[in-house]
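Colleague: To start, I am sharing the structure in question, which I have written as structure tokens.
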Amino acid sequence: MNGLIKLLVLDLDGTVWDHLDASSLKPPYRRISNDIVVDSNSVRVSLRRGARWFLEKIHSIVPLAVCSWNQWDKAYELLRAFGLDKYFGYLGIEPHPNKHLVFKKIIQWYQRVFKEEIEAEEILYVDDRRVHLDDIYKYIGRVKFMQMGVDVKDFYELYDVLKRELSLE
Ligand SMILES: [Mg+2]
5 MNGLIKLLVL
15 DLDGTVWDHL
25 DASSLKPPYR
35 RISNDIVVDS
45 NSVRVSLRRG
55 ARWFLEKIHS
65 IVPLAVCSWN
75 QWDKAYELLR
85 AFGLDKYFGY
95 LGIEPHPNKH
105 LVFKKIIQWY
115 QRVFKEEIEA
125 EEILYVDDRR
135 VHLDDIYKYI
145 GRVKFMQMGV
155 DVKDFYELYD
165 VLKRELSLE
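Per the working numbering, the sequence shown starts with residue 5, numbered consecutively.
Laid out in structure tokens, this is it:
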């Protein structure tokens, strides 16, 4: 990767937490430790290693947005149960697989709030799956992409990547 990153877009299922379908969970959620939440059927959801540390560290440096294929209430309430919703400037949680449409809204949000244009190349998108990439490349452009669990194994490694890109300590 080369060049400035002005926006970080994160998937949720399988990326921020280990559960692969938050929409199948049954709120209310209960937090049983710093990084573990259970739903009303005692299904456990754990944050990926370093997620909380990373979001706390990076949110004041790079704007963060969520891009997640989920029912809004299920995923939003889970973010809230973990206490992580506060780190994101935009929560793109929609119940369909067309992430490029959510990306359009994320970019509109960015331009409205920061009053500047953003190019696809200035966005780093992190997802545990590559399935949405073709549409995103086609309709949004060549965002930078890192596959969670493949290109980086956790948020400590993702931080190292960003550290190089953004010349952080
Ligand atoms: Mg995912």
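The C-beta atom is built at its ideal place from N, Cα and C for all residues, glycine as well.
Please report the straight-line C-alpha distance between residue 18 and residue 153, rounded to a whole angstrom.
Modeller: Their backbone Cα atoms lie some 9 Å apart in a straight line.
Colleague: In angstroms, rounded to a whole number, what distance separates the CA positions of residue 119 and residue 93?
Modeller: Each residue's Cα considered, the two are about 14 Å apart.
Colleague: If you pair each beta-carbon of the stretch 65-84 with each one of the stretch 11-28, do three or more pairs fall below 8 Å?
Modeller: A contact exists between the stretch 65-84 and the stretch 11-28.
Colleague: Please check the pair residue 97 and residue 79, which I expect to be a contact at CB under 8 Å, by giving their CB distance rounded to whole angstroms.
Modeller: Going by Cβ atoms, the distance from residue 97 to residue 79 rounds to 5 Å, so yes, they are a contact pair.
Colleague: Reducing DSSP to helix, strand and coil, say where residue 40 ends up.
Modeller: Reduced to three states, the DSSP call for residue 40 is strand.
Colleague: Quickly, what does DSSP pair residue 148 with across the bridge? List them, please.
Modeller: DSSP lists 128 as partners of residue 148.
Colleague: Report the rounded CA-to-CA distance for residue 6 versus residue 32, giving the unit in angstroms.
Modeller: Confidence is the limiting factor: at residue 6 the pLDDT is only 49, short of 50, which leaves the residue's position unreliable, though a coordinate-based value still follows. Between residue 6 and residue 32, the C-alpha separation is close to 43 Å.
Colleague: May I ask you to verify whether the stretch 142-151 touches the stretch 38-50, counting CB pairs closer than 8 Å and requiring at least 3?
Modeller: No, the stretch 142-151 is not in contact with the stretch 38-50.
Colleague: Does at least one heavy atom of ligand 1 sit under 8 Å from the Cβ of residue 1?
Modeller: With the chain running from 5 to 173 in the structure shown, residue 1 is simply not present.
Colleague: So who's on the other strand from residue 69, going by DSSP bridges?
Modeller: According to DSSP, residue 69 bridges with 13, 94.
Colleague: Within 10 angstroms of its Cβ, does residue 90 collect 16 or more other Cβ (buried), or is it exposed?
Modeller: Exposed, by the Cβ-count rule.
Colleague: With DSSP run on the structure shown, which of helix, strand or coil describes residue 156?
Modeller: Of the three classes helix, strand and coil, the one that applies to residue 156 here is strand, per DSSP.
Colleague: Express the C-alpha separation of residue 48 and residue 138 in angstroms, rounding to a whole number.
Modeller: Approximately 32 Å between the Cα atoms of the pair.
Colleague: Name the residue from 27, 57, 134 whose alpha carbon lies nearest to the alpha carbon of residue 74.
Modeller: Closest option to residue 74, Cα to Cα, is 27.
Colleague: With distances taken from each beta carbon to the nearest heavy atom of ligand 1, which residues come in below 6 Å, in chain order?
Modeller: Counting every residue whose Cβ lies closer than 6 Å to a heavy atom of ligand 1, we get 15, 17, 18, 19, 131, 132, 133.
Colleague: Would you mind giving the Cβ-Cβ distance between residue 129 and residue 156, rounded to the nearest angstrom? I have them listed as a contact below 8 Å.
Modeller: Not really, about 13 Å apart at Cβ, beyond 8 Å.
Colleague: Going by the beta-carbon positions, is the gap between residue 66 and residue 162 smaller than 9 Å?
Modeller: Not in contact: residue 66 and residue 162 (Cβ atoms no closer than 9 Å).
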